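Undergrad: Starting off with a structure, shown below.
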Amino acid sequence: MAIVDTPKRTNPNTEETKRRGIPEGLWIRCPGCGNSIYRKELEKNLNVCPKCRYHNYVSARERISQLLDEGTFEAYDEHVLPTDPLRFSDKKSYAERLSAEQARTGLTDAALCGLGMIRARRVAIAVTDSAFIMGSMGSVVGERLTRLIERATEQSLPLIIVSGSGGGARMHEGILSLMQMAKVSAALARYHTAGGLYISVLTNPTMGGVAASFASLGDLVFAEPKALIGFAGPRTIKATIKIELPEGFQTSEFLLEHGYIDRIVERFRLKTEIAAAIDYCGKR
Amino acid sequence: MPSAAKGFEFEQPMLDIETQLGEIEAAANPSEEQQELARQLRRRWTDTTREIYSKLTPWQVVQVSRHKDRPYTRDYLNLAFDEFIELHGDKFFGDDRALLTGFAKLGRQKVMVVGHQKGRTFKERAACHFGCAHPEGYRKAMAKMKLAEKYGIPIICFIDTPGAYPGIGAEERGQAQVIAESMFLMSQLKTPIICIVIGEGGSGGALGIGVGDRIAMLQYAYYSVISPEGCAGILWKSHQHAPKAADVLRFTSEHLPQLGVVDDVIEEPLGGAHRDHHQMAARLKNYLAKTLEQLVKTDPETLLERRYDKFRKMGSYLEQLEDGTVSQHGYTFSV
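So, in structure tokens, the structure goes:
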């Protein structure tokens with residue numbers, strides 16, 4: 001169910017929809033308030049706009065370094081690599097698209113998984129990077145997550161998954177991507193039965209098959225402010241029901257109001273709050 | 001003579017024969033000669049139909065799977081089951097007509113049926129949202145499946161949806177949440193589950209009732225990560241290219257067993273299930289009876305173990321080993 005939309009903010013200053021990640025240059029125009037921000041200042045502020053608190057994109061690697069104690073991250077399953085099972089091709093073949101995305105992002109696929117420490121608490125952690133084919137889940141994301149969850153189950157570790165996916169299930173791998181939703185959910189069910197603590201962190205955007213599987217299954221679900229989170233893309237919904245969508249529809253705040261997330265957590269508080277939650281839920 | 005109410009373009013040769021045949025059959029007192037011609041025409045219709053249906057393109061399969069006379073869950077409940085007691089009630093928000101749930105009997109075997117319902121008349125279709133379920137539908141399904149587990153009743157899921165409903169209310173009531181929860185639940189239910197895609201297997205909305213011990217599909221059903229229109233909209237910026245998208249998504253009964261996603265394909269009557277509901281229902285019943293017999297004999301722990309392994313194996317990727325060699329995991333499509 002790859003999502004039809006590129007996620008769009010309701011803010012009129014946002015024409016920032018085609019490009020992913022932080023644009024090159026010394027000054028950056030904030031998608032939230034439209035102000036020009038000095039890049040160094042933004043980076044120092046964890047890519048959160050100092051003027052309007054807009055949470056900009058962070059790559060999976062940056063996220064890991066923001067959340068984990070320095071030097072503690074040990075990546076797993078980096079040697080699990082994507083292939084092109086359907087011989088899928090549109091304007092370019094999926095195989096070519098994969099190589100291009102790998103070169104552009106420095107990632108081998110959209111999920112970075114491994115073990116590490118959060119304030120000296122050992123955790124299993126995964127981050128999906130919304131810059132790699134929209135952070136969509138294909139076989140590799142599904143397999144790496146499942147292996148991580150199984151590892152967390154065996155070693156009785158808390159599990160943190162930070163989701164960022166505008167694409168949901170990756171259509172280039174067809175039905176195999178859809179089935180990853182079931183595979184990861186089944187692994188989470190076993191982890192749950194074994195008593196594991198799973199904290200799901202939703203970031204902008206978390207849509208489609210990612211939202212409709214592991215991202216929604218946390219014992220605790222946190223979200224960064226003003227992230228776009230939902231099942232169907234806003235454009236699909238608009239095309240179906242043919243009325244304007246309400247202001248703030250499918251944002252973190254909308255989900256909080258409707259009871260689907262536990263807390264909205266600002267980026268600079270995330271590490272602290274995850275550590276606190278782990279402490280509340282026992283030593284595991 | 002089986003006949004579709006309204007044929008597809010690719011069925012034109014069949015329809016031409018049907019028209020000729022109709023004229024002869026309309027005659028009050030057909031001559032010996034006319035009767036002979038009718039026999040010939042019937043044979044020709046069979047041959048032509050077999051020819052056309054043996055070479056359907058993926059897009060044509062999609063059209064057949066969406067035929068307005070195609071049997072729906074309700075039809076199978078009438079034709080293949082000996083009893084059906086509908087159970088409503090998600091105990092939370094409302095009754096979703098797009099998902100039908102209830103007790104049923106297949107011979108003496110008690111089962112719980114959970115199935116998408118599209119609706120036949122326009123009024124029904126509107127009430128069922130054309131088979132697109134809301135969160136309350138999945139909540140109802142989960143509640144009934146838990147009930148079935150409690151009393152060791154096997155579950156049969158009929159999948160037939162273009163997708164879960166995309167709307168404001170659906171998002172407000174947790175569409176993503178319920179689909180995730182439903183897969184999570186189904187992977188752990190200690191009772192046999194058979195899932196059959198009887199028409200459209202539209203992405204998350206389909207998978208929301210699609211985790212089980214056996215996954216089957218009818219011959220002209222499809223099961224896809226995204227609708228061909230949706231895929232075409234993203235890749236070629238227009239729904240017009242849906243046939244092209246259907247080609248690249250590999251979602252027909254020809255491809256899905258190869259990819260390790262579907263266990264069994266149930267053959268449809270000549271010219272598609274919409275031409276002969278009774279025969280299709282009989283074949284479905286036969287499949288269900290046979291499969292249930294095997295599954296009910298398996299103890300629940302083994303069942304769960306195998307169900308986990310079944311989905312665990314899905315996916316296709318490369319694994320680079322320490323010595324630098326690369327091994328391929330999972331099935332891939334072969335031309």
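Protein chains in written order, with our numbering: chain A, 1 to 284; chain B, 1 to 335.
Beta carbons are placed, not taken as given, at the ideal position from N, Cα and C, and that holds for glycine.
Computed from a prediction, not measured in an experiment: that's the story for all the values here.
#1: Identify whether Trp45(B) lies in helix, strand or coil by the three-state DSSP scheme.
#2: Roughly how many angstroms lie between the CA atoms of Gly168(A) and Met183(B), to the nearest whole one?
#3: If you follow the beta strand (DSSP E) that Ser165(A) is in, where does it begin and where does it stop?
#4: Who are the Cβ neighbours of Glu322(B) in its own chain at under 7 Å, not counting the five residues just before and after it?
#5: Starting from the C-beta of Leu318(B), find all residues in its chain whose C-beta is less than 8 Å away, skip the five residues before and the five after it, and write them out in chain order.
#6: With 8 Å set as the bound, which would you pick, yes or no: does the beta-carbon of Lys242(A) sit closer than that to a beta-carbon of chain B?
#7: Using a Cβ-Cβ cutoff of less than 7 Å, which residues in the same chain neighbour Asp16(B) once the five nearest sequence positions on both sides are dropped?
#8: For Gly22(B), report the span of its beta strand (DSSP E) as first-last.
#9: Using a Cβ cut-off of 8 Å (strictly closer), state whether Glu253(A) contacts chain B.
#10: Taking its Cβ as the centre, do 16 or more other Cβ atoms sit within 10 Å of Leu26(A), making it buried, or is it exposed?
#11: Please list the partners that Gly142(A) has in chain B, where partner means a Cβ-to-Cβ separation under 7 Å.
#12: By the DSSP assignment, the beta strand (DSSP E) with Leu100(B) in it spans what residues?
#13: In three-state DSSP terms, what is Gly115(B)?
#14: Using a C-beta cutoff of 8 Å, does Phe333(B) count as contacting chain A?
#15: Taking the Cβ atom as the reference point for each residue, do Phe222(A) and Arg267(A) lie within a distance shorter than 8 Å?
#16: With distances taken between CB atoms, is the gap from Thr73(B) to Asp160(B) smaller than 8 Å?
#17: Helix, strand or coil for Trp59(B) per DSSP?
#18: Reducing DSSP to helix, strand and coil, say where Arg61(A) ends up.
#19: Can you find a C-beta in chain B that's less than 8 Å from the C-beta of Val123(A)?
#20: Confirm, please, whether the CB-CB distance from Tyr165(B) to Cys132(B) is below 8 Å.
#21: For Ile266(B), collect the residues of the same chain with a Cβ closer than 8 Å to its Cβ; drop the 5 residues on either side in sequence, then sort them by chain order.
#22: Whole angstroms are fine: how far does the CA of Gly114(A) sit from the CA of Glu74(A)?
#23: Are there 16 or more other CB atoms within 10 angstroms of the CB of Gln117(B), so buried, or fewer, so exposed?
#24: Chain B beta carbons: is any one of them nearer than 8 Å to that of Met137(A)?
#25: Verify whether the separation of the beta carbon atoms of Leu197(A) and Gly315(B) is less than 8 Å.
#26: Run the CB neighbour count on Pro234(A), radius 10 Å, all protein chains shown included, and call it buried at 16 or more, exposed below.
#27: What do you get for Thr252(B), buried or exposed, if any count of 16 or more other CB atoms within 10 angstroms of its CB means buried?
#28: Do you know whose CA, among Lys226(A), Tyr76(A), Met134(A), Thr108(A), lies nearest Ala126(A)'s CA?
#29: Would you tell me roughly how many angstroms separate the C-alpha atoms of Leu303(B) and Ile237(A), rounded to the nearest one?
#30: What are the residues that DSSP puts in a beta bridge with His55(A)?
#31: Could you work out which residues of chain A lie near Met183(B), taking near to mean beta carbons separated by less than 8 Å?
#32: Is the beta carbon of Glu18(B) less than 8 Å from the beta carbon of Trp59(B)?
#33: Listing by chain order, which chain B residues have their CB less than 8 Å from the CB of Ser89(A)?
#34: Could you check whether the Cβ of Thr153(A) sits closer than 7 Å to any heavy atom belonging to the ligand ZN?
#35: Hey, would you say Glu200(B) sits closer than 8 Å to Pro162(B), going by beta carbons?
#36: Shorter than 8 Å from the beta carbon of Pro85(A) to some beta carbon of chain B?
TA: On the basis of the supplied data:
#1: The residue labelled residue 45(B) in the question sits at position 45 within the second sequence. Note: Trp45(B) maps to helix in three-state DSSP.
#2: By 1-based counting over the first sequence, the position of residue 168(A) is 168. By 1-based counting over the second sequence, the position of residue 183(B) is 183. Those two C-alpha atoms are separated by around 16 Å.
#3: Start at 1 with the first residue of the first sequence, and residue 165(A) comes out as number 165. Segment 159 to 165, the beta strand (DSSP E) holding Ser165(A).
#4: Residue mapping note: residue 322(B) aligns to position 322 of the second sequence, counting from 1. Taken in chain order, the list of residues that qualify is empty.
#5: Counting from one through the second sequence, the residue named residue 318(B) turns up at place 318. The residues are Val326, Ser327, Gln328, His329.
#6: As a first step, residue 242(A) is located in the first sequence; it is residue number 242 there, counting from the start. Closer than 8 Å: no.
#7: As a working note, residue 16(B) is residue 16 in the second sequence. Closer than 7 Å at Cβ, skipping near neighbours: no residue.
#8: As a working mapping, residue 22(B) is identified with position 22 in the second sequence. Not the beta strand (DSSP E): Gly22(B) falls in the alpha helix (DSSP H), residues 12 to 26.
#9: As a working note, residue 253(A) is residue 253 in the first sequence. Not one chain B Cβ lies under 8 Å of Glu253(A).
#10: Mapped onto the first sequence, residue 26(A) falls at position 26. Leu26(A) is exposed by the Cβ-count criterion.
#11: As a working note, residue 142(A) is residue 142 in the first sequence. The contacting residues are Gly315.
#12: If you number the second sequence from 1, residue 100(B) lands on position 100. Run containing Leu100(B): 99 to 106, per the beta strand (DSSP E) assignment.
#13: In the second sequence, the residue the question calls residue 115(B) occupies position 115. Note: Gly115(B) maps to strand in three-state DSSP.
#14: Looking up residue 333(B) in the second sequence gives position 333. Judged by the 8 Å Cβ criterion, Phe333(B) is in contact with chain A.
#15: Here residue 222(A) refers to the residue found at position 222 of the first sequence. Here residue 267(A) refers to the residue found at position 267 of the first sequence. Going by C-beta atoms, Phe222(A) is not nearer than 8 Å to Arg267(A).
#16: Residue numbering aside, residue 73(B) sits at position 73 when the second sequence is read from its first letter. Residue numbering aside, residue 160(B) sits at position 160 when the second sequence is read from its first letter. Against a cut-off of 8 Å, the Cβ pair of Asp160(B) and Thr73(B) comes out as a contact.
#17: Looking up residue 59(B) in the second sequence gives position 59. Reduced to three states, the DSSP call for Trp59(B) is helix.
#18: Residue numbering aside, residue 61(A) sits at position 61 when the first sequence is read from its first letter. In the structure shown, Arg61(A) sits in a helix (DSSP, three-state: H, G or I).
#19: Position 123 of the first sequence, counted from the start, is the residue given in the question as residue 123(A). Chain B, which has no Cβ nearer than 8 Å to the Cβ of Val123(A), makes this no.
#20: Indexing the second sequence from 1 puts residue 132(B) at position 132. Indexing the second sequence from 1 puts residue 165(B) at position 165. Yes, these two residues count as a Cβ contact at 8 Å.
#21: Numbered from its first residue, the second sequence carries residue 266(B) at position 266. Ile196, Ala216, Met217, Leu218, Gln219, Arg283, Leu284, Tyr287, listed in sequence order.
#22: For this step, residue 74(A) is matched to residue 74 along the first sequence. For this step, residue 114(A) is matched to residue 114 along the first sequence. So the alpha carbons of these two residues sit roughly 5 Å apart.
#23: Here residue 117(B) is taken as the residue at index 117 of the second sequence, counted from 1. The residue is buried, with at least 16 neighbouring Cβ atoms inside 10 Å.
#24: Indexing the first sequence from 1 puts residue 137(A) at position 137. Not closer than 8 Å to any Cβ of chain B, the Cβ of Met137(A) fails to qualify, so no.
#25: Residue 197(A) sits at position 197 when you count from the first residue of the first sequence. Residue 315(B) sits at position 315 when you count from the first residue of the second sequence. No, these two residues do not count as a Cβ contact at 8 Å.
#26: What you label residue 234(A) is simply residue 234 of the first sequence in a count that begins at 1. The residue in question, Pro234(A), is buried, as its Cβ has 16 or more Cβ neighbours within 10 Å.
#27: Here residue 252(B) corresponds to residue number 252 of the second sequence, with the count starting at 1. By the 10 Å Cβ count, Thr252(B) comes out buried.
#28: Looking up residue 126(A) in the first sequence gives position 126. The shortest Cα separation from Ala126(A) among Lys226(A), Tyr76(A), Met134(A), Thr108(A) belongs to Tyr76(A).
#29: Within the second sequence, numbered from 1, the residue matching residue 303(B) stands at position 303. Within the first sequence, numbered from 1, the residue matching residue 237(A) stands at position 237. Approximately 39 Å, taken between the alpha carbons.
#30: Along the first sequence, read from residue 1 onward, the residue named residue 55(A) stands at position 55. Bridge partners of His55(A): Val48(A).
#31: For the purposes of this step, residue 183(B) is taken as the residue at position 183 of the second sequence. Neighbours of Met183(B) on chain A, chain order: Met181, Ala182, Ser185, Ala186, Ser213.
#32: Counting from one through the second sequence, the residue named residue 18(B) turns up at place 18. Counting from one through the second sequence, the residue named residue 59(B) turns up at place 59. No, these two residues do not count as a Cβ contact at 8 Å.
#33: Residue mapping note: residue 89(A) aligns to position 89 of the first sequence, counting from 1. Chain B residues near Ser89(A): Val248.
#34: This structure does not include the ligand ZN; it has no bound ligands of any sort.
#35: Position 200 of the second sequence, counted from the first residue, corresponds to residue 200(B). Position 162 of the second sequence, counted from the first residue, corresponds to residue 162(B). Result yes, Cβ atoms of Glu200(B) and Pro162(B) sit closer than 8 Å.
#36: Numbered from 1 along the first sequence, position 85 holds the residue referred to as residue 85(A). Yes, Pro85(A) counts as interfacial toward chain B.
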